[in-house]
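Colleague: Using our numbering, the letters of the sequence shown correspond one by one to residues 1124 to 1501.
Using N, Cα and C, we set each Cβ at its ideal position, and we do this for glycine too.
Quick caveat: nothing in here was measured; it's all calculated off a predicted structure.
I'd like to ask you about the structure that follows.
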Amino acid sequence: LAASRAKDEFLATLSHELRTPLNPILLVASDAAGNLNLPGAVRADFEMVRKSVELEARLIDDLLDLTRVTRGKIILERRILDVHGVLKDAIANVQEEVKQKEIILTLKFGAMSHAVYADGVRLQQVFWNLLKNAVKFTPSRGHITVETEVPDDCHIFVKITDTGIGMNEQELSRIFNAFSQGDHASGSAHRFGGLGLGLVISQKLIELHSGCVRAHSEGRDKGAVFTVELPLAFASEINVNGATPSQPTETTFVSRAKCGRILLVEDHEPTRTSLARLLMRRSYEVVTAASLAEARLLADQQEFNLLISDIGLPDGSGYELMAELGKKLSIRGIALTGYGMEEDLARSQDAGFAAHLTKPIRIQSLETALNAASALEG
């Protein structure tokens, strides 16, 4: 038990230390990539930086997700979803790589029933992992087919077939083992990169949805087929309270005036500086602090409507600050931190934070949190 706890604490600390220096990079890159005042070539360069940072963050997330799923700490937020809609969203995330490799991507959505009761974020994560693998291991001008079918009245199958490097029997036998990679990765050169965690995490997530995922290949250079099997939602589940398969919705940004003045508490100077500049560019009034003591002093001297705070501060924690200011000033708060385990999110909620954002974040994610915080006041 002690060893298990020590491992969890190590992974949480490692995650924090790896995420923190990535945060200002992603904030600036995500802002610039969407800035239409910049030349297209410059925006493209920032978009490349953004994607690279998010890939690095995804590798960190994989390490944490592996711990979560193996210890049963994943909490699914289920609702009625359209599998075809989730697939399209996942496909959009690999579309640029598909285009660069001139891969022919074919969609065959043959399932007449395609509503499931699932966690949309986790289901998209699974499909993205499988599609990412298919694109990675398929040569230029190869083929990838994504198809759905309903073999009976209770299940939907999602098949992702590629014409890539394929797998031999030994590779197939360990494909869903943690940190396992194919023979292509043996030796000193890992041609395709990665940690070998995406598939085992995908398998565990699908099992949590009472489904299964299978892999098949005829051998080396003969491609691969991954099949995800999920239970269909019952008609009673789909129709209850008029619920229908969810569709993406647009977010309308609430007036910045509702957020008033922001107290930004962050001891990592590059993050503090870049975030303050980005917020002020969006017409927010921002006052910064680098410690708990500075934040308390500022809160005594000035009025603030919103607190954005890191959790790990040199002289205390953001939890303490949120609890104090929330009680004293009825201030709303957003936690911005490198700690992203379930217990961290629970502690943020208990302390009174309205949102918990795990570094590194896009500026757009923070805007969404600010929107939600403004709506609470309205």
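1. According to DSSP, is residue 1354 part of a helix, a strand, or is it coil?
2. Can you grab the Cα-Cα spacing for the pair residue 1309 / residue 1453, in whole Å?
3. Ordered along the chain, which non-local residues of its own chain (more than five positions away) have a Cβ less than 7 Å from that of residue 1209?
4. Should the segment 1411–1428 be regarded as contacting the segment 1441–1451, the criterion being three or more beta carbon pairs within less than 8 Å?
5. Does the beta-carbon distance from residue 1150 to residue 1486 come in below 9 Å?
6. Any Cβ of chain C within less than 9 Å of the Cβ of residue 1357?
7. Residue 1253 to residue 1221, Cα distance in whole Å?
8. Based on the DSSP secondary-structure assignment, which residues constitute the bridge partners of residue 1462?
9. Who are the near neighbours of residue 1437 in its chain, counting only those whose CB is closer than 7 Å to its CB and skipping five residues on each side?
10. On the CB-based measure, 16 or more other CB atoms within 10 Å of its CB, does residue 1287 come out buried or exposed?
11. Can you find at least 3 beta carbon pairs, one from the segment 1267–1277 and one from the segment 1334–1344, that sit closer than 8 Å?
12. Let me confirm a value: residue 1227 is counted as buried when at least 16 other C-beta atoms fall within 10 Å, else exposed. Which label applies?
13. Taking the continuous alpha helix (DSSP H) assigned at residue 1332, which residues delimit it?
14. Which stretch, first to last residue, makes up the beta strand (DSSP E) that contains residue 1388?
15. Mapping DSSP to helix, strand and coil, what is residue 1519?
16. With distances taken Cα to Cα, identify the nearest neighbour of residue 1344 among 1260, 1404 and 1354.
17. Hey, quick one: how far does the beta strand (DSSP E) through residue 1432 stretch, first residue to last?
18. Taking the C-alpha atoms as reference points, what is the distance between residue 1407 and residue 1181?
19. Short check: CB of residue 1515 to CB of residue 1153, under 9 Å?
20. At the level of alpha carbons, what is the spacing between residue 1433 and residue 1294?
21. Using a Cβ-Cβ cut-off of 7 Å (strictly less than) and excluding sequence neighbours within five positions of residue 1374, which residues of its own chain qualify?
Modeller: In short, the structure shows the following:
1. strand
2. Per-residue confidence for residue 1309 stands at a pLDDT of 48, beneath the threshold of 50, marking its modelled position as unreliable; the derived number appears in the next sentence. In a straight line, the C-alpha of residue 1309 is about 57 Å away from that of residue 1453.
3. 1243, 1246, 1247 and 1250
4. yes
5. yes
6. As a matter of chain content, chain C is missing from the structure shown, which is built from one protein chain.
7. 14 Å
8. None, per the DSSP bridge assignment.
9. 1390 and 1414
10. buried
11. no
12. exposed
13. Premise fails: residue 1332 is in no alpha helix (DSSP H) and is neither H nor E.
14. 1384–1388
15. No information on residue 1519 is available, as it lies outside the stretch 1124 to 1501 that the chain covers here.
16. 1260
17. 1429–1432
18. 30 Å
19. This structure gives no information on residue 1515, because the portion of the chain shown stretches from 1124 to 1501.
20. 43 Å
21. Reliability of the predicted coordinates at residue 1374 is poor, the pLDDT of 32 falling under 50, and no value is obtained from them.
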